[in-house]
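**Q** Below are the structure tokens for one structure; questions will follow.
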Amino acid sequence: MSSSANSNQQQQPSSSKAISRQLKAKASEFLAGSESASNNLLEIVAFLKESNARKSAVIPALLVVESIFCELLKRNEMQIVVQPLKPADESTGSSHKQWLQAQYKESFSAILESFGHDKPAESSQSLATAMKLIVAETEHPLEANSGTVHFPLAKLRQVLQAMLSSDRLNTHMMNRFLEYSAHLDVIYFCWKIVPSLAPKEFCPSTVFIQNYLSLVGAICFGKEAVEESPSFLCIQMQLDYPYIRKHINKTWSCVMNWKHDETSHRQLLILLLEKVLSHLDKPVLLTDFLMDSLDVGGAISLLALQGIFVLIQQHNLTYPNIYEKLYSMFEPEIFHTKFKARLFYLADIFLSSSHLPEGLVAAFVKRLARLALIAPPQDIVIILRFIGNLFLRHPALKRLIFHPTGGEVPQDPYVMDERDPIKSNALDSSLWEVATLQSHVLPSVATAAKFISNPFPSAEWDLASVLEINENDIFDKEIARKSKEYALNLERPTSMFVHCGGEKTSQCWKLY
1046 MSSSANSNQQ QQPSSSKAIS RQLKAKASEF LAGSESASNN LLEIVAFLKE
1096 SNARKSAVIP ALLVVESIFC ELLKRNEMQI VVQPLKPADE STGSSHKQWL
1146 QAQYKESFSA ILESFGHDKP AESSQSLATA MKLIVAETEH PLEANSGTVH
1196 FPLAKLRQVL QAMLSSDRLN THMMNRFLEY SAHLDVIYFC WKIVPSLAPK
1246 EFCPSTVFIQ NYLSLVGAIC FGKEAVEESP SFLCIQMQLD YPYIRKHINK
1296 TWSCVMNWKH DETSHRQLLI LLLEKVLSHL DKPVLLTDFL MDSLDVGGAI
1346 SLLALQGIFV LIQQHNLTYP NIYEKLYSMF EPEIFHTKFK ARLFYLADIF
1396 LSSSHLPEGL VAAFVKRLAR LALIAPPQDI VIILRFIGNL FLRHPALKRL
1446 IFHPTGGEVP QDPYVMDERD PIKSNALDSS LWEVATLQSH VLPSVATAAK
1496 FISNPFPSAE WDLASVLEIN ENDIFDKEIA RKSKEYALNL ERPTSMFVHC
1546 GGEKTSQCWK LY
């Protein structure tokens, strides 16, 4: 940048609005073709690069650069006509276009550098600017051609590479990219690039892996976009799903070979279950990976179990110890994970058959009943409804309700530490746990536990209606419940709860 430009930069106002007005004025002078404004473009690009270096606000410069080059592309002022077997045009007009293209290239690099800005709003705007320039260049290519469609694939590759940082998670940018990745043309060109962005000679960093998986998750897989409402960002085209599917499989075979920590392992399984699995050519090849994941424990085991269930259901996979694995997952820790609802959903499906051995189902009933004694109130309701549904599927289990020799708390024959549910002696026990819950302090829990003392309904309880209930829902329901008025000699505090308890605590006085 020239010395005059440097001095101009030093005179930049501190106000963002003032900077924006000054940049827009320079852009207007440049686009108007004023001879005295020939250096304005250089100054604007230099300002963007300096803003990147200082990590200061870049949005004003990004928007001005975007408006300049979108207008230049629209006017075809950067377009060069290339004719085969003819020498390049060395005229003054051609040299000016080459100079503009060089500035365009330098500006695009500065925009990509802004992807690493510390503020999400700034980096997200850099992505939006880059994509708008890609759209403008598609509609008005830099090289004149005879009717063929041009898409700046190299620039899209640079955009995707810039989002795949090895130093920082770019989740906010992946979310912003969703605005573009649902379009059929973007889907096609992204999948043309994505497999080549995955390192094959070495295992990338954990941050890169998480960003790469987020990028794959942000790109639609084709079928979904076609079935919903096909749209195009800049090129109308027929979706080549076999081509996309080929690249999905190529990408996945590479990702599976990377070394994953717990976070990326979980992210990989979620992506597999929610998006990738139905597009794989040979899903059965996942068997070893899912079996190994099943032994990890926690949420990873649960997600792997769901994958195995899909293979069992859709691809005739056999897994002899699947019920033992499911049984072992019902531990107290499950109530404090966000995959709790998924476990109950899977267990409901696995135990839906009425032809399962009674001893096996009885073991699940007893394990769930035992866990209900220490579960949060909202989870107790789920457990009780699930147990009730198992009784409806297996009427012979009603012997557990009033088992004459089932023992009480000190002499319960059920062995909860037994890994094999068949050997847990569940059929010799009784459901004293559920009877205990009939005296629970919360009326909703106590009422739910009374199902063992009342006639069973003809239809199963709806688990879906309670799987997402949380403690606030139960609290609000109790607050709204109309209760009998009692005369109490209590005065509500006027200061303590205002400062310490907040709104929720003050609502407790509505109970009295």
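Start counting the sequence shown at 1046; every next residue gets the next number (this note's numbering). We treat Cβ as the ideally placed atom computed from N, Cα and C, and that holds for glycine.
(1) Can you tell me whether K1062 is buried or exposed? The criterion is at least 16 other CB atoms within 10 Å of its CB, across all chains shown.
(2) If I1104 and Q1146 are in contact, beta carbons under 8 angstroms, what's the gap, nearest whole angstrom?
(3) On the DSSP letters alone, give me the boundaries of the alpha helix (DSSP H) that S1338 sits inside.
(4) Under the three-state reduction of DSSP, which class applies to A1509: helix, strand or coil?
(5) For a test of the three-state rule: what should DSSP assign to L1243, helix, strand or coil?
(6) Starting from the C-beta of L1335, find all residues in its chain whose C-beta is less than 8 angstroms away, skip the five residues before and the five after it, and write them out in chain order.
(7) Decide yes or no for the touch test of the segment 1239-1252 against the segment 1274-1284: beta carbon pairs closer than 8 angstroms, at least 3 of them.
(8) Give the single residue among L1508, L1472, L1437, P1421 whose Cα lies nearest to the Cα of E1516.
(9) On the three-state DSSP scale, how would you describe A1493?
(10) Tell me I1189's beta-bridge partners as DSSP assigns them.
(11) Please state whether the Cβ-Cβ distance between A1263 and L1223 is less than 8 angstroms.
(12) Which residue marks the beginning of the alpha helix (DSSP H) containing H1403, and which one marks its end?
(13) Between which two residues does the alpha helix (DSSP H) harbouring L1472 extend?
(14) Apart from the five residues on each side of it in sequence, which residues of its chain come closer than 7 angstroms, Cβ to Cβ, to Y1459?
(15) Going by beta-carbon coordinates alone, are P1402 and I1467 separated by less than 8 angstroms?
(16) Please look up how many angstroms separate the CB atoms of K1119 and H1185, rounded, as I've assumed it's under 8 angstroms.
(17) Less than 8 angstroms separating the beta-carbons of M1218 and S1168?
(18) Starting from the C-beta of H1439, find all residues in its chain whose C-beta is less than 7 angstroms away, skip the five residues before and the five after it, and write them out in chain order.
(19) Suppose only complete runs of 4+ residues qualify. What are the alpha helix (DSSP H) ranges in the segment 1289-1336, listed by chain order?
(20) Under the three-state reduction of DSSP, which class applies to R1066: helix, strand or coil?
(21) Please name the residue, chosen from Q1359, D1462, H1381, S1079, that lies closest to F1409 on a Cα-to-Cα basis.
(22) Taking the C-alpha atoms as reference points, what is the distance between I1179 and Y1364?
(23) Using 8 angstroms as the Cβ pair cut-off and three pairs as the minimum, do the segment 1154-1164 and the segment 1089-1103 touch?
(24) Compute the Euclidean distance between the alpha carbons of I1280 and K1237, then round it to the nearest angstrom.
(25) Please return the same chain residues whose Cβ sits closer than 8 angstroms to the Cβ of Q1391, not counting the five positions on each side in sequence.
(26) My output table needs one value for M1208: the three-state DSSP class, helix, strand or coil.
(27) Check each candidate in S1484, N1499, F1160, H1485 and name the one with the smallest Cα separation from F1447.
(28) Are the segment 1519-1528 and the segment 1487-1498 in contact at 8 angstroms, needing three or more beta carbon pairs?
(29) Nearest CA to the CA of E1122: which residue from A1414, A1077, K1385, L1437?
(30) With C-beta atoms as the reference, is T1035 less than 8 angstroms away from A1344?
(31) In angstroms, rounded to a whole number, what distance separates the CA positions of Q1456 and W1477?
(32) Applying the 10 Å Cβ sphere with the 16-neighbour rule, what's the burial state of K1094?
(33) Compare the Cα-Cα distances from R1202 to each of L1187, T1216, I1232 and report the closest residue.
(34) Can you tell me where the alpha helix (DSSP H) holding G1078 begins and where it ends?
(35) Using CA coordinates, which residue listed in S1096, L1339, V1329 is at the minimum distance from Q1359?
**A** To lay it out plainly:
(1) Start at 1 with the first residue of the sequence shown, and residue 1062 comes out as number 17. Classification for K1062: exposed.
(2) One-based indexing of the sequence shown puts residue 1104 at position 59. One-based indexing of the sequence shown puts residue 1146 at position 101. The Cβ separation is near 25 angstroms, so there is no contact.
(3) Translated into positions along the sequence shown, residue 1338 becomes position 293. Where S1338 is concerned, the enclosing alpha helix (DSSP H) stretches over 1332-1339.
(4) Taking the first residue of the sequence shown as position 1, residue 1509 is located at position 464. Residue state, collapsed to three classes: coil.
(5) Counting from one through the sequence shown, the residue named residue 1243 turns up at place 198. Checking the sequence shown, residue 1243 turns out to be Ala, not Leu. Correct three-state label for A1243: coil.
(6) Taking the first residue of the sequence shown as position 1, residue 1335 is located at position 290. The beta carbon of L1335 lies closer than 8 angstroms to those of A1349, G1352, I1353, L1356 in the same chain, with the five residues before and after it left out.
(7) no
(8) Along the sequence shown, read from residue 1 onward, the residue named residue 1516 stands at position 471. Taking only the C-alpha atoms, the option nearest E1516 is P1421.
(9) Residue 1493 sits at position 448 when you count from the first residue of the sequence shown. Helix.
(10) Locating residue 1189 in the sequence shown gives position 144, where the first residue counts as 1. Correcting the residue identity first, residue 1189 is Ala in this sequence and not Ile. A1189 is bridged to V1126.
(11) As a position in the sequence shown, residue 1263 is number 218, starting the count at 1. As a position in the sequence shown, residue 1223 is number 178, starting the count at 1. Cβ distance < 8 angstroms, so A1263 and L1223 count as in contact.
(12) Taking the sequence shown and counting its residues from 1, the one referred to as residue 1403 is at position 358. The question names His, yet the displayed sequence has Glu at residue 1403. 1403-1417 is the span of the alpha helix (DSSP H), which, as asked, contains E1403.
(13) Locating residue 1472 in the sequence shown gives position 427, counting from the first residue. Neither: L1472 is in no alpha helix (DSSP H) and is coded neither H nor E.
(14) Reading the sequence shown from its first residue, position 414 is the one you call residue 1459. Leaving aside the five residues that flank Y1459 on each side, the residues in its chain whose CB is nearer than 7 angstroms to its CB run, in chain order, K1411, S1469, N1470, A1471, S1474.
(15) Here the question's residue 1402 lines up with position 357 in the sequence shown. Here the question's residue 1467 lines up with position 422 in the sequence shown. Yes, Cβ-Cβ distance for P1402 and I1467 is below 8 angstroms.
(16) Locating residue 1119 in the sequence shown gives position 74, counting from the first residue. Locating residue 1185 in the sequence shown gives position 140, counting from the first residue. The pair is a contact, with the Cβ atoms about 6 angstroms apart (cut-off 8 angstroms).
(17) Residue numbering aside, residue 1218 sits at position 173 when the sequence shown is read from its first letter. Residue numbering aside, residue 1168 sits at position 123 when the sequence shown is read from its first letter. A contact, by the Cβ cut-off of 8 angstroms.
(18) The residue labelled residue 1439 in the question sits at position 394 within the sequence shown. Taking H1439 as the centre and dropping the five residues before and after it, the same chain places the C-beta of S1399, E1403, V1406 closer than 7 angstroms to its C-beta, in chain order.
(19) 1307-1316
(20) Taking the first residue of the sequence shown as 1, we reach residue 1066 at position 21. Of the three classes helix, strand and coil, the one that applies to R1066 here is helix, per DSSP.
(21) Sequence index remark: in the sequence shown, residue 1409 carries index 364 (1-based). For F1409, the nearest C-alpha among the options comes from D1462.
(22) Reading the sequence shown from its first residue, position 134 is the one you call residue 1179. Reading the sequence shown from its first residue, position 319 is the one you call residue 1364. Going by the C-alpha atoms only, they are around 50 angstroms apart.
(23) yes
(24) Taking the first residue of the sequence shown as 1, we reach residue 1280 at position 235. Taking the first residue of the sequence shown as 1, we reach residue 1237 at position 192. Cα-Cα distance, rounded: 15 angstroms.
(25) Translated into positions along the sequence shown, residue 1391 becomes position 346. Gln is not the amino acid found at residue 1391; the sequence shown has Leu there. Cβ within range, chain order: L1347, L1350, Q1351, F1354, L1371.
(26) Residue 1208 sits at position 163 when you count from the first residue of the sequence shown. Look at M1208 here: in three-state DSSP terms it is helix.
(27) Within the sequence shown, numbered from 1, the residue matching residue 1447 stands at position 402. For F1447, the nearest C-alpha among the options comes from N1499.
(28) yes
(29) Indexing the sequence shown from 1 puts residue 1122 at position 77. The closest CA to that of E1122, considering only A1414, A1077, K1385, L1437, is found on A1077.
(30) In this structure the chain extends from 1046 to 1557, so residue 1035 is not present and cannot be described.
(31) Stepping through the sequence shown from its first residue, residue 1456 is reached at position 411. Stepping through the sequence shown from its first residue, residue 1477 is reached at position 432. Whole-angstrom Cα-Cα distance: 11 angstroms.
(32) Numbered from its first residue, the sequence shown carries residue 1094 at position 49. That one is buried.
(33) Walking along the sequence shown from the start, residue 1202 turns up at place 157. Per the Cα distances, I1232.
(34) Along the sequence shown, one-based indexing puts residue 1078 at 33. Note, G1078: premise wrong, no alpha helix (DSSP H); not H, not E.
(35) As a first step, residue 1359 is located in the sequence shown; it is residue number 314 there, counting from the start. Comparing Cα positions, the closest option is V1329.
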